[in-house]
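Shown next, in structure tokens, is the structure this report addresses.
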Amino acid sequence: MPEPRLWQLTACSAVLGLALAAGAVTAAGPWDTGQRKAERARAAATEGTGGAHHARTGTPAAAPRPAPAPSAAGVLRALDTPRTTRPADLAATLVPLLADPGLGPLRTASVVDVATGRQLYGEGATTPMTPASTIKIATTAAALSALGPDHRITTTVVASPDGRTLTLVGGGDPTLDRARLTTLAESTARALGPRRTTPVRLTYDTSLYQGPSRHPIGTNDNIAPVSALMTREGRLDDSTHGPAPRTADPAADTATTFAALLRHAGVHVTGTPAPGRAPTVTPQDHKAPTSPGTPHTATTTGPRTPTTDPKTPRTGTLLARTHSAPLADLVERTLTHSDNDLAEALARQTALAHRQPASFTGAAKAVRDELTRLGLPTTGAHFADGSGLSRADRLSAALLTALLTRAADPAHPALRPVLTGLPVSGFTGTLQDRFGTTPARTGAGLVRAKTGTLTGVNTLAGTVVTTDGRLLAFAFLAGRTPSPATAQPALDRLSAALTAPR
Numbered sequence: 093m094p095e096p097r098l099w100q101l102t103a104c105s106a107v108l109g110l111a112l113a114a115g116a117v118t119a120a121g122p123w124d125t126g127q128r129k130a131e132r133a134r135a136a137a138t139e140g141t142g143g144a145h146h147a148r149t150g151t152p153a154a155a156p157r158p159a160p161a162p163s164a165a166g167v168l169r170a171l172d173t174p175r176t177t178r179p180a181d182l183a184a185t186l187v188p189l190l191a192d193p194g195l196g197p198l199r200t201a202s203v204v205d206v207a208t209g210r211q212l213y214g215e216g217a218t219t220p221m222t223p224a225s226t227i228k229i230a231t232t233a234a235a236l237s238a239l240g241p242d243h244r245i246t247t248t249v250v251a252s253p254d255g256r257t258l259t260l261v262g263g264g265d266p267t268l269d270r271a272r273l274t275t276l277a278e279s280t281a282r283a284l285g286p287r288r289t290t291p292v293r294l295t296y297d298t299s300l301y302q303g304p305s306r307h308p309i310g311t312n313d314n315i316a317p318v319s320a321l322m323t324r325e326g327r328l329d330d331s332t333h334g335p336a337p338r339t340a341d342p343a344a345d346t347a348t349t350f351a352a353l354l355r356h357a358g359v360h361v362t363g364t365p366a367p368g369r370a371p372t373v374t375p376q377d378h379k380a381p382t383s384p385g386t387p388h389t390a391t392t393t394g395p396r397t398p399t400t401d402p403k404t405p406r407t408g409t410l411l412a413r414t415h416s417a418p419l420a421d422l423v424e425r426t427l428t429h430s431d432n433d434l435a436e437a438l439a440r441q442t443a444l445a446h447r448q449p450a451s452f453t454g455a456a457k458a459v460r461d462e463l464t465r466l467g468l469p470t471t472g473a474h475f476a477d478g479s480g481l482s483r484a485d486r487l488s489a490a491l492l493t494a495l496l497t498r499a500a501d502p503a504h505p506a507l508r509p510v511l512t513g514l515p516v517s518g519f520t521g522t523l524q525d526r527f528g529t530t531p532a533r534t535g536a537g538l539v540r541a542k543t544g545t546l547t548g549v550n551t552l553a554g555t556v557v558t559t560d561g562r563l564l565a566f567a568f569l570a571g572r573t574p575s576p577a578t579a580q581p582a583l584d585r586l587s588a589a590l591t592a593p594r
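Residue numbers for the sequence shown follow the working numbering, beginning at 93 and rising by one.
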């Protein structure tokens, strides 16, 4: 990384953190030694690159230390100063940049002062456009609003009433990995106790999801078949995000792996795993322990002795379960790395919360209904999926800036991960390799935004900290663009131009 970038990281990070706090991001909580816990335990922690990482890295004692950042009190006082920015001043800057041929003939824009909610600039702001992956802002906000930031997705193992069949039940967690699957198998073996040597067959239940499993775009390295049961998003390589070869049947592959892990744990599993439906379990078996922090696995008691009373419903036994990271972390991972598989999973979790079918159609209706419940301008919006891979999706720039403004509202602290999960320009996620050339370089570290890219569609929506300490929300959507090579730098220049005081 060139030397100028190091200077930007030092100077811009201080301004970014303080200004975001002043823009109401502070209300997210809880805080632990100066860092929001959801950011510290962000879902992209598998390789330590997701979201903004504020932890001390341990520089040598002799290394020069940056000058102390200005006190938060001083920034807050500055934000109380009446604003003098006039929309005409901003228009004079943005109109020529929006006219860049790299943005194609269709372009809309919205810029809002987050502290006041006032629109500072709009160009076709209410016109529905294909949003590409910026739709993930809507998907994640709806999930957080419907379920809360502490919600976890659960994968369970259930024994049949006679104890002869075990069922691995998918709860819709695409982040399930081999380590957690191994712990789940070991917990199952412990729950079985001496009965683990009794022959059992393994089935797997994916009935939580309905409708087609394939995204309408078909087989594609950007997304696996959408299944309630999968491991590592069905990836067939060592990647953790981005395009990758995917398995055609993630549920069957996961069950096959689980059967092998059960055998290794001492359980006598016979045959090959097959699709099946888990028996009903008693209400007390559904009570998951409350354990904050990283994904974890819990164990219950072994199978009950089958009842002989014909009047008593025959129920299965919940043997073990594993929980995903909290929804706040999953949202941050979704936005930082533009995770399509996780976005579709969160959309279906929203559908379940709304008692809609966990399908593309049910998820679309639930997301729209949740945003409408939040009082957001959904007129003209259309949700065909949760990831933005569909060209049938439609959102307006005004809806995107309204979502971002609502996420900064102290009255809606549950939505704060929508802001903290946005990639940091020039440093993290899908913006890591952008904002490296003049004049966009002035926005490096000050712009946090969700990218969107389809053939002929390029979008950018997020927040920017101005050099006089304000937090602005923006959305720029462009259609029929000639290529990402020209459209993306044009979008970067637009957002970087917002940093200048007016």
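Just so it is clear, CB atoms sit at the ideal spot from N, CA and C, and this is done for glycine as well.
Quick caveat, the model's predicted, so the values are computed rather than measured.
What does the alpha-carbon distance come out to for the pair residue i and residue j?
i: H446; j: T231; result: 14 Å
i: K228; j: S479; result: 6 Å
i: T248; j: P304; result: 23 Å
i: T218; j: A435; result: 24 Å
i: A180; j: P317; result: 48 Å
i: T453; j: G548; result: 25 Å
i: A49; j: S225; result: What is shown of the chain runs 93 to 594, which leaves residue 49 out entirely.
i: R287; j: T409; result: 14 Å
i: P223; j: N550; result: 8 Å
i: S488; j: D265; result: 30 Å
i: L492; j: F475; result: 13 Å
i: P449; j: A455; result: 7 Å
i: L419; j: L511; result: 14 Å
i: L496; j: S575; result: 27 Å
i: A55; j: T559; result: Since the first residue shown for the chain is 93 and the last is 594, residue 55 is missing from the structure and cannot be characterised.
i: F568; j: S587; result: 8 Å
i: L353; j: L284; result: 15 Å
i: L427; j: A417; result: 15 Å
i: P253; j: T374; result: 11 Å
i: A347; j: H504; result: 39 Å
i: S319; j: A437; result: 9 Å
i: D192; j: G537; result: 24 Å
i: T274; j: L507; result: 33 Å
Are residue i and residue j touching if we call contact CB-CB under 9 Å?
i: Q524; j: P515; result: yes
i: L552; j: A565; result: no
i: R498; j: A233; result: yes
i: L268; j: M322; result: yes
i: L546; j: L481; result: yes
i: T522; j: H415; result: no
i: D433; j: G326; result: yes
i: Y301; j: G368; result: no
i: V361; j: A370; result: no
i: V292; j: L258; result: yes
i: R425; j: G518; result: no
i: T470; j: L463; result: yes
i: R562; j: A207; result: yes
i: L294; j: A412; result: no
i: A579; j: L198; result: no
Along the alpha helix (DSSP H) that carries residue i, what are the first and last residues, could you check?
i: R272; result: 270–284
i: H356; result: 342–356
i: Q524; result: Here Q524 belongs to no alpha helix (DSSP H), and DSSP marks it neither H nor E.
i: T453; result: 452–465
i: L538; result: From DSSP, L538 is part of no alpha helix (DSSP H); its letter is neither H nor E.
i: V510; result: 509–512
i: R425; result: 419–428
i: A494; result: 489–499
Count the other CB atoms, across all protein chains shown, that sit within 10 Å of the CB of residue i; report buried if there are 16 or more and exposed otherwise.
i: D313; result: exposed
i: L328; result: exposed
i: W99; result: With a pLDDT of only 40 at W99, under 50, the local geometry of the prediction cannot be trusted, and no value is derived from it.
i: D242; result: exposed
i: A340; result: exposed
i: T573; result: buried
i: A589; result: buried
i: T280; result: buried
i: P502; result: exposed
i: A490; result: buried
i: P335; result: exposed
i: D477; result: buried
Note the first and the last residue of the continuous beta strand (DSSP E) segment covering residue i.
i: S587; result: That residue, S587, is in no beta strand (DSSP E); its alpha helix (DSSP H) goes 576–589.
i: R293; result: 292–297
i: P365; result: 361–367
i: G554; result: 549–557
i: A435; result: Taken as a continuous stretch (DSSP letters only), A435 belongs to no beta strand (DSSP E), being part of the alpha helix (DSSP H) at 432–445.
i: R413; result: 409–415
i: V598; result: This structure leaves residue 598 out entirely; the chain is present only between 93 and 594.
i: G571; result: 563–571
3-residue-minimum beta strand (DSSP E) runs that sit fully inside the stretch 172–249, ordered along the chain: 198–205, 211–215
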